[in-house]
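There are 2 protein chains.
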Amino acid sequence: MATGRTHRPATRSRGIPEATVARLPLYLRALTALSERSVPTVSSEELATAAGVNSAKLRKDFSYLGSYGTRGVGYDVEYLVYQISRELGLTQDWPVVIVGIGNLGAALANYGGFASRGFRVAALIDADPAMAGKPVAGLPVRHTDELESIITDNGVSIGVIATPAGAAQQVCDRLVAAGVTSILNFAPTVLSVPEGVDVRKVDLSIELQILAFHEQRKAGEETSPAQETAVAATAQPRSGAGVRSAAGGRKGPDGDVPAVMPA
Amino acid sequence: MATGRTHRPATRSRGIPEATVARLPLYLRALTALSERSVPTVSSEELATAAGVNSAKLRKDFSYLGSYGTRGVGYDVEYLVYQISRELGLTQDWPVVIVGIGNLGAALANYGGFASRGFRVAALIDADPAMAGKPVAGLPVRHTDELESIITDNGVSIGVIATPAGAAQQVCDRLVAAGVTSILNFAPTVLSVPEGVDVRKVDLSIELQILAFHEQRKAGEETSPAQETAVAATAQPRSGAGVRSAAGGRKGPDGDVPAVMPA
DNA sequence: CCATCTTTGTGCACGCGTTCACAAAGGCAT
DNA sequence: ATGCCTTTGTGAACGCGTGCACAAAGATGG
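Taken in order, these protein sequences are the chains called A and B. So the first sequence is numbered by the numbering used here: it starts at 10 and just counts up by one. So the second sequence is numbered by the numbering used here: it starts at 10 and just counts up by one.
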């Protein structure tokens, strides 16, 4: 999911539902692909399939933007690309900074999807002095001391946090104080920000845990209707192997001792 | 967001709403932190704050798991950690494979949050023969040819796709054919999978675009209330013809020129 | 110009998720 | 025991999001 703005003001941005906004990038990508193949028009049905959604939902989504289709024909691809881009604010230039140039930060810096949609990496920032000056993705890493000046000089309003969890809140505070009003947070922490600042969170570990939940359910269902404990003790064709390492001893490096049930 | 299972079967897993499942990892993290500080009990109010949610929501979420609290006191931290871990299936061992060891794949391999919660990286797989054998995060990269045998030998049921978009569907098909039933997809593509396979998507570019949308709104609001409509006022300017590249405005140091609104 | 066919745009109903608000339940002091 | 105080657990109301199904709109062919 990686969901969640903080403090949802129930604003329902000018009438465009949040759920619709979240899908617009999806449509845009599908449309861009069509555009590159010089497809002139597309029906809601086709586009919906390409974007992985239901056609009724797509039409309703578009209806919030206006009546951009032609009945009996479909939607003009180029026109729609422009309208959605404009609605998402991608017709303007968005300088972003990435703070925390570890493995993830470097990956983000190299990620092509950023530049391709109006986002420009204005600077890479890291707290490690040894990193300073080293080129990553063609940009020299700047030291944290310069954070504030970089933000103001470049008019940055979007920041990406890819630091360890411990440093995230502090970095966040500095970003916000310097004028950043939108933050994409990869650190596994809840950030607290003042009113008016948007935070979106991407948490890899959470996504995996959600998958694990469903995976466990699938495994449990196959064998017995419901018995919870003693999960997939038997059967279990391929996947879970032996499963059942229950609440054993230590875990990996990062360690996280499984609690034993108390009283 | 990074949302979306495919094909929502409206299953409502044994009565636990999807939305609740998505929050359980959040609670678990907050609880683990409390546990490490040896806090014995916690109230719904405190825990909710730590997890960044509303206390009523938290209580309702927990009510789906059972009555694990004590009125007048709160919840036993250790006990709750155990219950949630069990519910999420984290008391068992989940071997995962990561396919596509580029910048992102390497970052994922090094990410501590995986190992810490019952997930074990069973193998790193890449299509580039030059990568084969090279150690990343302490594991030798294996070649794609070995994909099927790795899956079956290790009983892997969860796969992470971090390949370029072009290769994603093909990799996905092979994973599924080999027995993987849960996929975490970082490639910017819509994956099609057979019934019974869960896909979760994490798309960095989409998250940024959503932020940009809200950012644009904030900037627009400050200056003028609402005018919008002007654009396609008159009939459909067939394709890109009438499309004026309105936005043109550069951004100042801090500022943000609102898209020009022509008549 | 009319008939037919395609596809959009949307009114409506339904279900999920969120929040409020309160009764029930347990601890604790007296 | 008894009464007070705290906090849970949940019934109920509400709002958002989704999907159905159809009328309106436009294209197309005769």
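The C-beta atom is built at its ideal place from N, Cα and C for all residues, glycine as well.
Alpha-carbon spacing of residue i relative to residue j, whole angstroms
i: residue 196 of chain B; j: residue 215 of chain B; result: 12 Å
i: residue 24 of chain B; j: residue 85 of chain B; result: 23 Å
i: residue 205 of chain B; j: residue 70 of chain B; result: 25 Å
i: residue 237 of chain A; j: residue 52 of chain B; result: Because residue 237 of chain A sits at a pLDDT of 40, beneath the cut-off of 50, its placement in the model cannot be relied upon, and the following sentence gives the value as read from the coordinates. If you take the alpha carbons of residue 237 of chain A and residue 52 of chain B, they lie about 27 Å apart.
i: residue 27 of chain B; j: residue 119 of chain B; result: 29 Å
i: residue 158 of chain B; j: residue 121 of chain B; result: 26 Å
i: residue 57 of chain B; j: residue 187 of chain A; result: 29 Å
i: residue 163 of chain B; j: residue 129 of chain B; result: 11 Å
i: residue 173 of chain A; j: residue 110 of chain A; result: 10 Å
i: residue 181 of chain A; j: residue 30 of chain B; result: 27 Å
i: residue 183 of chain B; j: residue 160 of chain B; result: 10 Å
i: residue 144 of chain A; j: residue 127 of chain B; result: 35 Å
i: residue 21 of chain B; j: residue 155 of chain A; result: In this predicted model, residue 21 of chain B has a pLDDT of only 43, less than 50, meaning its place in the structure is not dependable enough to derive any value.
i: residue 207 of chain B; j: residue 222 of chain B; result: 29 Å
i: residue 80 of chain A; j: residue 92 of chain A; result: 18 Å
i: residue 190 of chain A; j: residue 229 of chain A; result: 45 Å
i: residue 42 of chain B; j: residue 124 of chain A; result: 37 Å
i: residue 55 of chain B; j: residue 64 of chain B; result: 8 Å
i: residue 251 of chain A; j: residue 185 of chain B; result: In this prediction, residue 251 of chain A has a pLDDT of 32, which is less than 50 and means its spatial position is unreliable; nothing more can be read from the coordinates.
i: residue 213 of chain B; j: residue 147 of chain A; result: 20 Å
i: residue 66 of chain A; j: residue 46 of chain B; result: 47 Å
i: residue 44 of chain A; j: residue 36 of chain A; result: 12 Å
i: residue 48 of chain A; j: residue 167 of chain B; result: 37 Å
i: residue 227 of chain B; j: residue 68 of chain B; result: 34 Å
Simplified DSSP assignment, three categories, for residue i
i: residue 24 of chain A; result: helix
i: residue 276 of chain B; result: Because chain B in this structure spans residues 10 to 272, residue 276 of chain B falls outside the shown range and cannot be described.
i: residue 50 of chain B; result: strand
i: residue 132 of chain A; result: strand
i: residue 168 of chain A; result: strand
i: residue 173 of chain B; result: coil
i: residue 143 of chain B; result: coil
i: residue 207 of chain A; result: strand
i: residue 180 of chain A; result: helix
i: residue 62 of chain A; result: coil
i: residue 150 of chain A; result: strand
i: residue 29 of chain B; result: helix
i: residue 73 of chain A; result: helix
Cβ pair residue i, residue j closer than 8 Å
i: residue 88 of chain B; j: residue 77 of chain B; result: yes
i: residue 225 of chain A; j: residue 98 of chain B; result: yes
i: residue 218 of chain B; j: residue 34 of chain A; result: yes
i: residue 136 of chain A; j: residue 171 of chain A; result: no
i: residue 165 of chain A; j: residue 193 of chain A; result: no
i: residue 62 of chain A; j: residue 32 of chain A; result: yes
i: residue 60 of chain A; j: residue 202 of chain B; result: no
i: residue 104 of chain B; j: residue 131 of chain B; result: yes
i: residue 134 of chain B; j: residue 106 of chain B; result: yes
i: residue 95 of chain A; j: residue 220 of chain B; result: no
i: residue 40 of chain B; j: residue 116 of chain A; result: no
i: residue 139 of chain B; j: residue 152 of chain B; result: no
i: residue 75 of chain A; j: residue 50 of chain A; result: no
i: residue 108 of chain B; j: residue 211 of chain A; result: no
Between the segment 202–215 of chain B and chain A, which residues of the former have CB atoms less than 8 Å from a CB of the latter, in chain order?
Residues of the segment 202–215 of chain B with a Cβ closer than 8 Å to any Cβ of chain A, in chain order: 205, 207, 209, 211, 212, 213, 214, 215.
Members of the segment 72–102 of chain B that neighbour chain A once the beta carbon cut-off is set at 9 Å
85, 86, 87, 88, 89, 90, 91, 92, 94, 95, 96, 97, 98, 99, 100, 101, 102
Runs of beta strand (DSSP E) wholly within the segment 75–126 of chain B (minimum 3 residues, chain order)
Those beta strand (DSSP E) runs which fall completely within the segment 75–126 of chain B and span 3+ residues are 83–85, 103–108.
The segment 104–120 of chain A: which residues have C-beta closer than 9 Å to a C-beta of chain B, in chain order?
104, 105, 111, 112, 113, 114, 115, 116, 117, 118, 119, 120
Using Cβ-Cβ distances below 7 Å, what residues of the segment 125–141 of chain B are close to chain A?
125, 126, 128
Select from the segment 138–162 of chain A all residues with a C-beta closer than 7 Å to any C-beta belonging to chain B, and list them in chain order.
161, 162
Selection of the segment 45–67 of chain A by Cβ proximity to chain B, strictly under 8 Å:
49, 59, 60, 61
Got a sec: which bits of the segment 167–184 of chain A sit with their beta carbon under 7 Å from any beta carbon on chain B, in order along the chain?
167
Residues of the segment 189–202 of chain B in Cβ contact with chain A at a cutoff of 7 Å, in chain order, please.
Identification of residues in the segment 189–202 of chain B having a C-beta nearer than 7 Å to some C-beta of chain A yields 190, 191, 193, 197, 199, given in sequence order.
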